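Chemist:
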Amino acid sequence: GDSVTQMEGPVTLSEEAFLTINCTYTATGYPSLFWYVQYPGEGLQLLLKATKADDKGSNKGFEATYRKETTSFHLEKGSVQVSDSAVYFCALTSGYSTLTFGKGTMLLVSP
Amino acid sequence: KAGVTQTPRYLIKTRGQQVTLSCSPISGHRSVSWYQQTPGQGLQFLFEYFSETQRNKGNFPGRFSGRQFSNSRSEMNVSTLELGDSALYLCASNPGSPGMTYEQYFGPGTRLTVT
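Dropping the structure here:
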């Protein structure tokens, strides 16, 4: 079945540091890939998405590129802020809308 | 446009009781999915409803059930609650047209605590 593996956290960074959160996947067919973010006490918000190979999703300074050859969708941001502190989930869907999630990576950014 | 709403936001129940959670999707969205989030298992898919029919189901026992009404609102029910059912239950909606892949729009969740 489908699965998503992402790096365990927490990831602790200072403000303005570079962020990478690794995500790899296993899927049948040709999945769509997503990054969701969850702030404390809230539901999930879509951060970015990519639906085909070599697509780059981007939003709020975050980027991720759909790499079919390495089955990866790593999340990057050039300069993190304290307000980026949250839990980040990599996810995929192989059909319709049912999402398979990774375990989540907590990001803590200090001033 | 109003987002996905879930009621109640917090719930405390006793082992053996049953509970019903409610979800109102974004206006015009016909697909509603439910997910369970726990620290140990992470986010797990429960089921999806589209046009009042269950379209997909995750690997959960029969104590977990759901339904969808003609206005696309959905409810999920858990009978004979167990301590392990304590979780954040998230509802998500999308337009849901067959053959299309959409991103999910999530509600804030219902925090269920079973004592």
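Line by line, the protein sequences give chains C and H. If you count the first sequence from 1, position 75 lands on 60 in this note's numbering, and the numbers rise without skipping. Every position in the second sequence, counted from 1, becomes a number in this note's numbering once 766 is added. Where a beta carbon is used, it is the ideal one built from N, C-alpha and C, also for glycine. Only a predicted model underlies this, so the values are computations on that prediction, with no experimental measurement involved.
#1: Flag C:THR83 as yes if its beta-carbon sits less than 7 Å from any beta-carbon of chain H, otherwise no.
#2: Would you kindly work out how many angstroms separate the C-alpha atoms of C:PRO96 and C:LEU31, rounded to a whole number?
#3: Just to make sure I have the definition right: I need the residues of chain H whose C-beta is within less than 9 Å of the C-beta of C:PHE74. Which are they?
#4: Residues of chain C with CB closer than 8 Å to the CB of H:PHE830, please, in chain order.
#5: Use the C-beta contact count for C:TYR24: other C-beta atoms within 10 angstroms, 16 or more gives buried, fewer gives exposed.
#6: Quick one: Cα of C:SER(-12) to Cα of C:GLU61, how far?
#7: In whole angstroms, what is the alpha-carbon distance linking C:THR(-3) and H:SER836?
#8: I need the DSSP call for C:LEU93, collapsed to helix, strand or coil.
#9: Taking only the alpha-carbon atoms, compute the straight-line gap between C:ALA71 and C:SER82 and give it to the nearest angstrom.
#10: Report back the beta-carbon spacing between H:LYS779 and H:LEU878 to the nearest angstrom; my notes put them in contact at under 8 Å.
#11: For C:GLY80, which residues from the same chain have a beta carbon less than 8 Å from its beta carbon, with the 5 sequence-adjacent residues on both sides left out?
#12: Are any of the Cβ atoms in chain C nearer than 7 Å to that of H:GLY873?
#13: Among the candidates H:TYR868, H:SER863, H:THR881, H:ASP851, whose CA atom is the shortest distance from the CA of H:TYR801?
Modeler: From the atom records:
#1: Closer than 7 Å: yes.
#2: If you draw a straight line from the Cα of C:PRO96 to the Cα of C:LEU31, it is about 25 Å long.
#3: Using a Cβ-Cβ cut-off of 9 Å, C:PHE74 is close to GLY808, LEU809 of chain H, given in chain order.
#4: The premise fails here: H:PHE830 is roughly 15 Å from chain C at the closest Cβ pair, so nothing lies under 8 Å.
#5: Classification for C:TYR24: exposed.
#6: Distance between the alpha carbons of C:SER(-12) and C:GLU61 is about 21 Å.
#7: Approximately 47 Å between the Cα atoms of the pair.
#8: The DSSP-derived three-state label of C:LEU93 is strand.
#9: One C-alpha to the other measures close to 24 Å.
#10: Contact holds; Cβ gap of about 7 Å.
#11: Cβ within range, chain order: GLY14.
#12: True, the Cβ-Cβ gap to chain C drops below 7 Å.
#13: Of the listed residues, the one whose Cα sits closest to H:TYR801 is H:ASP851.
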